[in-house]
Every structure is written in C-alpha cells, then in structure tokens.
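In case it helps, the numbering used here puts the sequence shown at residues 89 to 180.
Even for Gly, the Cβ is constructed at its ideal location relative to N, Cα and C.
No experiment lies behind these values; they were computed from the predicted model shown.
The block underneath contains the structure these notes are about, expressed in structure tokens.
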Amino acid sequence: MVQVNLTRHLFAFFPQLEGLTLEVEAIDVAGVVRALEARAPGIGFYLCDERGRLRPHVNIFIGNSLIRDRRNLSDPVSAGDKVSILQALSGG
C-alpha cells in the first residue's frame with residue numbers, strides 16, 4: 089500500500105477524506121490519483137486537467153522527490169512509499 093498525504097485545504101473540497109489514513113494500491117502516480125478519485129469523486133479533475141496532466145498549481149512528491157512526469161503521471165510507486173499532494177494557494 090502507498091500512503092497518501094494531502095494538504096489540509098483539500099479537505100474543504102473533499103471532506104470525506106478528512107481524518108482518514110489514506111492508503112491506496114497503485115503502481116504509479118496515475119494509479120494513486122485514480123484510487124483517490126474512487127474515494128472522492130472529482131478530486132482527479134481537481135488535480136489534473138481534461139487531458140490528465142497535472143495542473144500547474146499542484147505538485148506531487150514521492151518521499152522527498154518531486155515527480156518528473158507531470159504529463160502522464162507515470163512515476164512508479166512501491167508499497168511503503170509516501171506520496172504527498174500539495175496545491176499552491178494564492179490570493180490577495
């Protein structure tokens with residue numbers, strides 16, 4: 089299982105994920121996003137555009153390393169990995 093950590097503000101949009109230990113089975117980052125989508129419909133489109141590419145304001149880390157493939161999300165994940173999904177906040 090892969091452990092997934094989300095930035096806290098995402099729970100405002102996907103409250104069904106708050107307070108859960110998010111663990112998913114996946115072989116790559118795209119699989120992580122699909123697994124999250126199954127638990128919280130709409131989060132996949134929140135993170136990725138209509139072509140499946142990671143949105144510019146979203147970053148995903150596997151451990152301490154930023155993923156390289158923002159287009160296809162093909163970076164591999166393994167059991168025990170920690171995936172962090174971060175979204176930049178902006179405003180005035």
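The DSSP assignment places 117–127, 131–135 as complete runs of the alpha helix (DSSP H) inside the stretch 110–173, in order along the chain (cut-off: 4 residues). Short of 8 Å from the beta carbon of E113, and not among the five residues preceding or following it, lie these beta carbons of its own chain, in chain order: M89, V90, G119, A123. Scanning L161, L177, I150 for the CA closest to the CA of V121 turns up L161. Going by DSSP, L98 is part of the alpha helix (DSSP H) stretching over 98–101. Looking at the DSSP output, L94 shares a beta bridge with I173. Per the coordinates, the alpha-carbon of A128 lies some 11 Å from the alpha-carbon of L110. Exclusion of the five residues before and after F102 leaves A128, I131 as the residues of its chain whose Cβ lies within less than 6 Å of its Cβ.
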